[in-house]
Amino acid sequence: MHHGFLKFCIITYMSLISWTMVFSQSNLNDSILEKQAIKTFYAISKKFQKTNCSTGNLIIKIGLDLLGKPYVAKTLENNKSENLVINLTEFDCTTFAENCLALARTIKSSACTFGDFKKELLLIRYRNGELVDYSSRLHYFSDWIYDNDRKNIVKNITCEMGHTPFNNFVNYMSLHTDYYKMLRNDAKLQNEISRIEKQISRRQSCYIPKKQIFKYESLIHNGDILGLTTNIKGMDIAHVVIAYHTKNRLYMIHASSKKHRVVISDEPLADYLARRKDVTGIIVARPL
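Pasting the structure below:
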């Protein structure tokens with residue numbers, strides 16, 4: 023065994039012990055998922071660790087590597103209390119994008135261990151990178167973009183591309199608490215979610231209307247994370263995808279509820295948006 027690899031294994035082992043202590047509240051299912059995630063993480067990191075490319079292009083490589091993984095809704099909603107769920111086996115649209123981003127950032131860092139990946143995911147998924155309770159998770163994707171922009175993880179470039187104001191009024195979660203297991207019987211959390219919704223709704227932002235997407239295709243980069251804005255009352259973003267240029271057009275890689283797996287879209291993004299009555303346009307977050 024090479025000395026460099028032995029050192030890498032020791033660092034990895036110590037990192038895993040440390041994170042097991044911190045996240046000891048995980049239930050058995052989370053434990054099983056995490057063991058599977060460790061295997062997937064090291065397979066992906068080994069494959070791409072020597073790849074010299076931008077974070078965006080690395081996100082594409084990772085996304086393509088995860089094609090076919092199953093779509094599963096509400097993968098973060100199964101616990102009795104909030105903890106960091108590590109799941110590289112199945113995805114919803116948001117967890118697919120944020121896991122690809124966390125994986126790319128970890129692989130490009132100087133220390134590429136599973137513990138570092140968990141730190142990245144925690145930083146990306148929670149407001150100010152701090153797991154406090156259920157309300158500290160970035161549930162609304164416009165809030166996810168806003169907070170990760172502040173943390174210099176992504177940059178919201180939408181207003182630089184177009185200046186169409188985005189009416190970002192949200193209250194879906196506080197109006198539908200029965201849909202959310204941890205909110206149903208917790209008045210304190212309900213009040214905090216309502217406070218956060220009001221904060222989000224006061225922000226000034228932009229979006230690119232779907233009729234203009236074709237005009238902006240060349241300005242969107244591989245690996246940009248796109249929030250598909252919606253006209254559903256009380257919601258901001260209906261779907262989250264990763265921008266992917268192929269066949270001389272802009273397509274997307276995403277966890278598809280319709281196809282039940284991670285896929286490349288069958289048609290260009292502009293055509294996909296044109297068919298969806300509930301989608302109004304996009305917000306563009308560029309990984310840094």
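If you count by my numbering, then the sequence shown holds residues 23 to 310, one letter each, in order.
All C-beta atoms in this analysis are idealised placements derived from N, C-alpha and C, irrespective of residue type, glycine included.
Predicted model only: the values in this text are computed from it and were never measured.
Where residue i falls, given that 16 or more other Cβ within 10 Å makes a residue buried
i      : result
SER46  : At SER46, the pLDDT of 33 sits below 50, so the modelled position is not reliable and the matter cannot be decided from this model.
ARG172 : exposed
HIS198 : exposed
ASN178 : buried
LEU250 : buried
ILE305 : buried
THR116 : buried
ARG217 : exposed
LEU152 : Looking at the sequence shown, residue 152 is not Leu but Glu. By the neighbour-count rule (16 or more Cβ atoms within 10 Å), GLU152 is not buried but exposed.
PHE277 : According to the sequence as given, residue 277 is Ala; it is not Phe. It is buried - the Cβ of ALA277 has at least 16 other Cβ atoms within 10 Å.
SER227 : buried
HIS25  : Its pLDDT being 47, under 50, HIS25 is placed unreliably by the model, and nothing is read from it.
ASN213 : exposed
ALA209 : exposed
TYR162 : buried
Beta-carbon proximity check, residue i vs residue j, cutoff 7 Å
i      : j      : result
GLY303 : TYR229 : yes
PRO290 : LEU310 : no
TYR156 : LEU211 : yes
GLU219 : VAL192 : yes
ASN244 : ASN79  : yes
LYS91  : VAL284 : yes
THR128 : PHE139 : yes
GLU120 : ILE146 : yes
ASP258 : SER164 : yes
Segment limits, alpha helix (DSSP H) that includes residue i
i      : result
TYR273 : Here TYR273 belongs to no alpha helix (DSSP H); instead the beta strand (DSSP E) covers 271-278.
CYS122 : 115-129
TYR294 : 291-297
LEU160 : Taken as a continuous stretch (DSSP letters only), LEU160 belongs to no alpha helix (DSSP H), as it is neither H nor E.
ASN79  : 77-87
Heavy atom of the ligand PLP within 6 Å of residue i beta-carbon
i      : result
VAL263 : The ligand PLP is not part of the structure shown, which contains no ligands of any sort.
Range of the contiguous beta strand (DSSP E) that encloses residue i
i      : result
ALA307 : 301-309
ALA260 : 259-268
THR251 : 247-252
ARG283 : 283-286
Cβ distance (whole Å) where residue i is taken to contact residue j below 8 Å
i      : j      : result
ASP87  : ILE60  : 16 Å between Cβ atoms; not a contact.
LYS158 : TYR148 : Residue 158 is actually Ser in this sequence, not Lys. About 5 Å separates the two Cβ atoms, so the contact holds.
ILE222 : SER196 : In fact, because the Cβ distance is near 11 Å, the residues do not count as touching under 8 Å.
LEU55  : THR111 : 6 Å
LEU123 : ILE81  : 6 Å
With a floor of 4 residues, list each alpha helix (DSSP H) that falls wholly inside the region 200-236, ordered by position along the chain. 209-223
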